[in-house]
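Student:
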Amino acid sequence: MGMRGGEFFSGTGLVEFVIAITLVEGVLLSLWNLRTGRGIPVRDVWAMLVPGIWLMLALRSAMAAEGWLITALYLLAAGFSHASDVLRRQRHYADKSNFD
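Heads up: the sequence shown at position 96 corresponds to 96 in my numbering, and the numbers run straight through without jumps.
1. Using only the alpha-carbon positions, how far apart do I70 and F80 sit?
2. DSSP on I19, reduced to helix/strand/coil?
3. Enumerate in chain order the residues of its own chain whose CB-to-CB distance from L28 is below 7 angstroms, with the five nearest sequence positions on each side excluded.
4. For L55 and A78, which I take to be in contact (beta-carbon distance under 8 angstroms), what is that distance rounded to the nearest angstrom?
5. For P41, which residues of its own chain have a beta-carbon under 8 angstroms away from its beta-carbon, when the five flanking residues on both sides are left out?
6. How about L75 and A58: do their beta carbons lie closer than 7 angstroms?
7. Let me confirm a value: I21 is counted as buried when at least 16 other C-beta atoms fall within 10 Å, else exposed. Which label applies?
8. Can you give me the C-alpha to C-alpha distance between S30 and W68, rounded to a whole angstrom?
9. Is DSSP giving A65 helix, strand or coil here?
See below:
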């Protein structure tokens with residue numbers, strides 16, 4: 001039995017779809033870099049995408065009423081992964097004192 005459009009948009013279906021598209025994007029960008037050496041490095045691709053995936057999982061958790069603890073854990077994971085990415089970038093750019 002299929003899901004009608006209204007159910008898709010009012011339930012968690014849309015969030016799950018966006019998570020799936022984001023994962024596909026990460027895989028495709030990673031493969032492009034690994035095969036051609038061009039584009040965004042794999043580590044940077046996932047450092048960018050993972051915090052957003054955690055946030056989308058938190059949204060899905062809240063929409064599905066999975067409980068405050070699991071939602072809070074997803075948000076905590078999003079915060080830590082974002083902070084990790086920011087610190088990694090900060091160290092990277094600190095090594096390059098002149099951008100000219």
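We put the CB at the ideal spot given by N, CA and C, even for glycine. Only a predicted model underlies this, so the values are computations on that prediction, with no experimental measurement involved.
Tutor: Let me lay it out:
1. Within the sequence shown, numbered from 1, the residue matching residue 70 stands at position 70. Within the sequence shown, numbered from 1, the residue matching residue 80 stands at position 80. Using only the alpha carbons, I get a separation of about 15 angstroms.
2. Taking the sequence shown and counting its residues from 1, the one referred to as residue 19 is at position 19. Correct three-state label for I19: helix.
3. Walking along the sequence shown from the start, residue 28 turns up at place 28. Result list for L28: empty, nothing under 7 angstroms.
4. Your numbering for residue 55 matches position 55 in the sequence shown. Your numbering for residue 78 matches position 78 in the sequence shown. At roughly 5 angstroms, the Cβ-Cβ gap stays under 8 angstroms, so L55 and A78 are in contact.
5. Along the sequence shown, read from residue 1 onward, the residue named residue 41 stands at position 41. Around P41: N33.
6. Sequence index remark: in the sequence shown, residue 75 carries index 75 (1-based). Sequence index remark: in the sequence shown, residue 58 carries index 58 (1-based). Result yes, Cβ atoms of L75 and A58 sit closer than 7 angstroms.
7. Counting from one through the sequence shown, the residue named residue 21 turns up at place 21. Result: exposed.
8. By 1-based counting over the sequence shown, the position of residue 30 is 30. By 1-based counting over the sequence shown, the position of residue 68 is 68. Looking at the backbone, the Cα of S30 and that of W68 are separated by about 33 angstroms.
9. In the sequence shown, the residue the question calls residue 65 occupies position 65. Residue state, collapsed to three classes: coil.
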